[in-house]
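Engineer: Position one of the sequence shown corresponds to residue 2 (this note's numbering), numbered consecutively onward. The C-beta atom is built at its ideal place from N, Cα and C for all residues, glycine as well. Let me begin by handing over the structure; questions about it come next.
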Amino acid sequence: MASRFQIITSMVVQSGFRLQNTTRWISVRRMSVRPEAKKPGAPATTRKKITIQKLNALRSQNIPITVLTAYDYPTGLRSERNDIDICLVGDSLAQVALGYDSTTRLTLDDMIHHCKAVSRAIKTPFLVADMPFGTYHFGPDEAVRNAVRLVREAGAEGVKLEGGVEIVEVVSRLVSLGIPTMAHVGLLPQRHTIHSGYRVQGRDADTALGVIRSAEALEKAGAFSVVLEAIPHSLATLITQRLQIPTIGIGAGPGCSGQVLVHDDAVGIWSGHKAKFVRRFAEVGQVATEGVRSYAQAVRNGEFPSAATEGYEMDEGEFDRLRGLLGHSDSLSSRGNARPSEGMPQPKQLATS
2 MASRFQIITS
12 MVVQSGFRLQ
22 NTTRWISVRR
32 MSVRPEAKKP
42 GAPATTRKKI
52 TIQKLNALRS
62 QNIPITVLTA
72 YDYPTGLRSE
82 RNDIDICLVG
92 DSLAQVALGY
102 DSTTRLTLDD
112 MIHHCKAVSR
122 AIKTPFLVAD
132 MPFGTYHFGP
142 DEAVRNAVRL
152 VREAGAEGVK
162 LEGGVEIVEV
172 VSRLVSLGIP
182 TMAHVGLLPQ
192 RHTIHSGYRV
202 QGRDADTALG
212 VIRSAEALEK
222 AGAFSVVLEA
232 IPHSLATLIT
242 QRLQIPTIGI
252 GAGPGCSGQV
262 LVHDDAVGIW
272 SGHKAKFVRR
282 FAEVGQVATE
292 GVRSYAQAVR
302 NGEFPSAATE
312 GYEMDEGEFD
322 RLRGLLGHSD
332 SLSSRGNARP
342 SEGMPQPKQL
352 ATS
C-alpha cells in the first residue's frame, strides 16, 4: 500500500526565466506486513548454539532432547524462540504444507525451498533436513550430490535418511565427507505403501531384532542420532540403552533420549488423521478458522475497515484542490469531445414486441 508525502517546496526554472514555487510529492511504499524489528531493551538470547557435541552431552546427562519440525520462516522462529534443540525440516511438509497425499511426492527442490526459509529463522537449534524419497536410493554418489545441495543451498546442518542396514553404505559415505547424518528406523513413512499403511513396527521378537540390528549398524556407520518411529516403548528403551548416540522417539515412548513431533500436530493445525502418539499442546487451527470467519463477516457487513481507525487521512485543502483539478479537467474534456446528444448519430432502437 502506498502513501504520498509532501517534499519541501522547491524553485524551478520555467520558460522565460520565470521562477515558480512548485510542490513535489513522492510515493512511499507502506507494507501491511513488515519484517520484525528487535524491541528496544529486549533481552538477548542466552542459549548457545546446539551442536552434535551438545546433543551428546544432553544424552549423557539424561536431559531430554527437544525436536520439532518446521516448514517455513514463522514455524522456524517458533523453534528458535522456544527451547527446541533440533529443528527438523521433515518431508511431512508434503502433506501438511503442500497438500500432497504422501511424503513420496516431495521433490528435492521442494525441500530446498522450504529449508531455506527455515534456515533464515534458525540460529540456535541444530537444523536437519529430510532427504526426500528418491534422493538417496541410487547409491552413495547420488546421495552425496543431493545432500551437498541441502547443505550448500538450503542451509541444512545435517540430513536425515529413512532405512536400515540397506542404507549403511550411503550413511558411511555422507559422514566420511563431513555431512552429519541422522538415521530413521522403525516405521518408515516413505515406504508406507509396501507396508500397507502406517503400521507399528517391531511388535514380535524377530522384527524387533531387525530394528535393533539396523539401529546398531547405522550407529557404526557414523550416524550422530537415530529416530525411532512407532515401535513398542520397551523396544525403544532397549535400543536407547544399547546405543551410544541419542535416540529421538516419535510414538516410541518416554525411554528415548529425546522426542519429536510434527509442528502442525503439536499445535493443532493439522486437521487430518491424529496418530495415537500425538498430543495437542494448542489448538491454533480452531482459532485461525474463527479468525478467517470473523474477517469475512466483518467485510461483508461493512464493519471493516474503519476509516477513522484503520484508514489514512488526506489534507482537506489538498482534497479541495484535487476536486478543483478534476473539475477543470472535466471541463476541458467536455469541450473537446462532443457528447452523443450533441451531434453524434444515435443507434437505432430495436423494436420490441
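Applying the criterion that 16 or more other CB atoms from any shown protein chain within 10 Å of the CB defines a buried residue, is S93 buried or exposed?
Structural biologist: S93 comes out buried.
Engineer: Roughly how many angstroms separate the alpha carbons of Y199 and E163, rounded to a whole number?
Structural biologist: The straight-line gap from Cα to Cα measures roughly 14 Å.
Engineer: Consider the C-beta atom of A222 and the heavy atoms of the ligand COA; say whether any pair is separated by less than 7 Å.
Structural biologist: In terms of ligand content, the structure shown is empty, and the ligand COA therefore cannot be addressed.
Engineer: Would you identify the three-state DSSP class for A71, choosing helix, strand or coil?
Structural biologist: Here A71 sits in coil by DSSP.
Engineer: So, are the CB atoms of P141 and V166 less than 8 Å apart?
Structural biologist: No; because the gap between Cβ atoms is not below 8 Å, this pair is not in contact.
Engineer: So if DSSP puts Q260 in a beta bridge, which residue, or which two residues, is it bridged to?
Structural biologist: Per DSSP, T67 and G250.
Engineer: Look up T182 in the DSSP assignment and say whether it is helix, strand or coil.
Structural biologist: Strand at T182.
Engineer: Assess, as a yes-or-no matter, whether the region 121-128 is touched by the region 85-92 under the definition of 3 or more beta carbon pairs within less than 8 Å.
Structural biologist: These segments touch.
Engineer: Considering only the beta carbon of each residue, do L175 and A148 sit closer than 8 Å?
Structural biologist: Yes.
Engineer: Quick one, are the C-beta atoms of G252 and A276 less than 8 Å apart?
Structural biologist: Their beta carbons are under 8 Å apart, which means G252 touches A276 by this criterion.
Engineer: Give me, in chain order, the residues of the same chain whose beta-carbon lies closer than 6 Å to that of T104; leave out the 5 immediate sequence neighbours on both sides.
Structural biologist: The residues are D92, A95, P190 and Q191.
Engineer: How is the alpha helix (DSSP H) around S226 delimited, first residue to last?
Structural biologist: S226 -> not in any alpha helix (DSSP H); beta strand (DSSP E) instead, spanning S226 to E230.
Engineer: On a CA-only basis, which of T310, N83, I213 and A308 is nearest T47? Give me that one, please.
Structural biologist: Answer by Cα proximity: N83.
Engineer: Got a sec? Which residues, its chain only, sit under 7 Å from G286 by beta carbon, not counting five neighbours each side?
Structural biologist: The answer, listed in chain order, is G269, I270 and S272.
Engineer: Expressed to the nearest angstrom, what Euclidean distance is found between the alpha-carbon atoms of K55 and A299?
Structural biologist: C-alpha separation (whole angstroms): 50 Å.
Engineer: Roughly how many angstroms separate the alpha carbons of F225 and A98, rounded to a whole number?
Structural biologist: The alpha-carbon atoms of F225 and A98 are separated by roughly 28 Å.
Engineer: In angstroms, rounded to a whole number, what distance separates the CA positions of I113 and G325?
Structural biologist: Computed Cα separation, rounded: 56 Å.
Engineer: For A231 and G259, which I take to be in contact (beta-carbon distance under 8 Å), what is that distance rounded to the nearest angstrom?
Structural biologist: Incorrect: roughly 16 Å between the Cβ atoms, too far for contact.
Engineer: If you reduce the DSSP assignment to three classes, tell me which class D142 lands in.
Structural biologist: Three-state result, D142: helix.
Engineer: Look at the Cβ atom of R150, then the Cβ atom of Y74, and state whether they are nearer than 8 Å.
Structural biologist: No; because the gap between Cβ atoms is not below 8 Å, this pair is not in contact.
Engineer: Throw me the rounded Cβ distance for the M183 and V152 pair, which I believe falls under 8 Å.
Structural biologist: Contact doesn't hold; Cβ gap of about 13 Å is too wide.
Engineer: Taking just the CA atoms, how far does H138 sit from A144?
Structural biologist: Taking the straight line from one Cα to the other gives about 7 Å.
Engineer: Starting from D131, follow the beta strand (DSSP E) in both directions and report where the run begins and ends.
Structural biologist: F127 to D131 is the span of the beta strand (DSSP E), which, as asked, contains D131.
Engineer: Any idea what DSSP makes of L162, helix, strand or coil?
Structural biologist: If DSSP states are grouped into helix, strand and coil, L162 belongs with the strands.
Engineer: DSSP state of I270, grouped into three classes?
Structural biologist: Looking at I270 - three-state DSSP - the assignment turns out to be coil, as it is neither helix nor strand.
Engineer: Could you round the C-beta distance between V160 and M132 to whole angstroms and report it? I think they count as a contact, below 8 Å.
Structural biologist: 5 Å between Cβ atoms; contact.
Engineer: Can you pull the DSSP bridge partners for V90?
Structural biologist: Answer is A130, bridged to V90.
Engineer: With DSSP run on the structure shown, which of helix, strand or coil describes G187?
Structural biologist: It is a strand residue.
Engineer: Apart from the five residues just before and just after G156, which ones in its own chain have a Cβ nearer than 7 Å to its Cβ?
Structural biologist: Contacts found: C116, K117, S120 and L128.
Engineer: For A237, is the classification buried or exposed, using 16 other Cβ atoms within 10 angstroms of its Cβ as the cut-off for buried?
Structural biologist: Answer is buried; the Cβ neighbour count reaches 16.
Engineer: Leaving out the 5 sequence neighbours to the left and right, which residues in its chain are closer than 6 Å to T52 when beta-carbon positions are compared?
Structural biologist: Same-chain partners within the cutoff: there are none.
Engineer: Using a threshold of 8 Å, state whether the C-beta atoms of S61 and L69 are closer than that.
Structural biologist: Cβ atoms of S61 and L69: not closer than 8 Å.
Engineer: In this structure, how does DSSP classify R243 when only helix, strand and coil are distinguished?
Structural biologist: In the structure shown, R243 sits in a helix (DSSP, three-state: H, G or I).
Engineer: To the nearest angstrom, how far is it from the Cα of C257 to the Cα of Q245?
Structural biologist: Each residue's alpha carbon lies about 12 Å from the other.
Engineer: So, for I123: in the same chain, excluding its five sequence neighbours on each side, which residues have a beta-carbon less than 6 Å away from its beta-carbon?
Structural biologist: So the list reads G77, E81 and C88, once near-sequence residues are dropped.
Engineer: Under 7 Å Cβ to Cβ from E317, same chain only, skipping five residues before and after it: list those, please.
Structural biologist: Nothing meets the Cβ criterion.
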